[in-house]
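Protein chains: 2
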Amino acid sequence: MQKTSICPKYEFAAELLGKKWTGLLILVLLQGPLRFKDIKREIPDMSDRLITERLRELEEKGIVERSVFPEKPVRVQYQLTKKGKDLEPVINAIQHWAEAWVQ
Amino acid sequence: MQKTSICPKYEFAAELLGKKWTGLLILVLLQGPLRFKDIKREIPDMSDRLITERLRELEEKGIVERSVFPEKPVRVQYQLTKKGKDLEPVINAIQHWAEAWVQ
DNA sequence: TTCATGTACTTTCGAAAAGTAAGTAACTTT
DNA sequence: AAAGTTACTTACTTTTCGAAAGTACATGAA
Chain F
951 MQKTSICPKY EFAAELLGKK WTGLLILVLL QGPLRFKDIK REIPDMSDRL ITERLRELEE
1011 KGIVERSVFP EKPVRVQYQL TKKGKDLEPV INAIQHWAEA WVQ
Chain C
951 MQKTSICPKY EFAAELLGKK WTGLLILVLL QGPLRFKDIK REIPDMSDRL ITERLRELEE
1011 KGIVERSVFP EKPVRVQYQL TKKGKDLEPV INAIQHWAEA WVQ
């Protein structure tokens, strides 16, 4: 007997997008690689703690890749993997709906 | 100064889908009108409390409509409005991604 | 009449997640 | 030497969630 009778695979995605800030984080990363401070600038209401936490979760799930460049001030870059970039249609669909229905 | 520089309308959708169970609830309601007990059967891990809470939120946002039929044992039915049904492409996109990447 | 069953919730309460604020370490600029 | 930048951590408060039990109303059986 499975947890939900409708669509078990959906569970994973639901758990992913059903967390605060995750969708927005992926949305901004679709722009291209970003540094920690850039994410902060793009999502000012998201706390440092949650930015770190969500990025770690997405990294663990193979959606985001973290790279460290040992430059003058160390540079840490976050970018979407193929798996992450493939979420673009999802984000687009959400944006399309929002355009039609919000406000 | 806006909350996020990327897409303000996305905020609403993010707040909606970025809550636990909301996506799954919409997914099951895409089948057609369902009663409270049917939702429980479809999403057994979701508590009664959260089913009620999420349905009320979606009703308030104009995504779900609640109808009461005064039958023998009272029948309460929940169905998606046009606004709710228009979320189908979003759910489909998520399912498509899940098919490709989960497991 | 009392008991059991069914539907659709509501209430309570402890635990987990999120929000807020301040702190840290390494390095650079002034 | 003091102040600023970047990328986090840590500590603490508030909010949300989860599990379980309880409520209201009706039907039907014993």
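Residue numbers (this note's numbering), protein chains in the order written: chain F, 951 to 1053; chain C, 951 to 1053. Quick reminder that beta carbons are idealized off the backbone N, C-alpha and C, glycines included.
Is the shortest distance between the beta-carbon of residue i and the beta-carbons of chain F less than 9 Å?
i, result
"Y960 (chain C)", "yes"
"E1010 (chain C)", "no"
"E1049 (chain C)", "yes"
Tell me whether residue i sits in a helix, a strand or coil according to DSSP, three-state version.
i, result
"L975 (chain C)", "helix"
"Q1053 (chain C)", "coil"
"Q1130 (chain C)", "Any question about residue 1130 (chain C) goes unanswered here, given that chain C covers just 951 to 1053."
"L1030 (chain F)", "strand"
"E961 (chain F)", "helix"
"E1015 (chain C)", "strand"
Which residue's Cα is closest to the Cα of residue i: the options?
i, options, result
"E1003 (chain F)", "F:E961, F:G1034, F:K969 and F:Q1029", "F:K969"
"R1006 (chain C)", "C:F1019, C:E961, C:P958 and C:L975", "C:L975"
"L1030 (chain C)", "C:E965, C:K1022, C:F1019 and C:K1011", "C:K1011"
"L980 (chain F)", "F:I1013, F:I1001, F:P1020 and F:R999", "F:I1013"
"K1035 (chain F)", "F:I993, F:G973 and F:E961", "F:G973"
"M996 (chain C)", "F:K1033, F:Q1045, F:E961 and F:K1032", "F:E961"
"I993 (chain F)", "C:C957, C:R985 and C:L966", "C:C957"
Since I believe residue j is in contact with residue i (beta carbons under 8 Å), could you give me their beta-carbon distance rounded to a whole number of angstroms?
i, j, result
"K959 (chain F)", "V1052 (chain C)", "4 Å"
"V1026 (chain F)", "R1016 (chain F)", "7 Å"
"W1047 (chain F)", "A963 (chain C)", "6 Å"
"V1040 (chain C)", "A1050 (chain F)", "Their Cβ separation, rounded to whole angstroms, is 11 Å, which puts V1040 (chain C) and A1050 (chain F) out of contact at 8 Å."
"W971 (chain F)", "L1000 (chain F)", "6 Å"
"Y1028 (chain C)", "L966 (chain C)", "Actually they are not in contact, since the Cβ atoms of Y1028 (chain C) and L966 (chain C) sit about 16 Å apart, beyond 8 Å."
With 9 Å as the threshold, decide whether the Cβ of residue i is near any Cβ in chain C.
i, result
"T954 (chain F)", "Bear in mind that the predicted position of T954 (chain F) carries a pLDDT of just 48, short of 50, making it too unreliable to give a figure here."
Residues from the region 1013-1045 of chain F in contact with chain C, defined by Cβ distance under 7 Å
K1033, D1036, L1037, P1039, V1040, A1043, I1044 and Q1045
If you measure beta-carbon to beta-carbon, which residues of the region 968-989 of chain F are closer than 9 Å to chain C?
G968, K969, K970, W971, T972, G973, L974, L977, V978 and Q981
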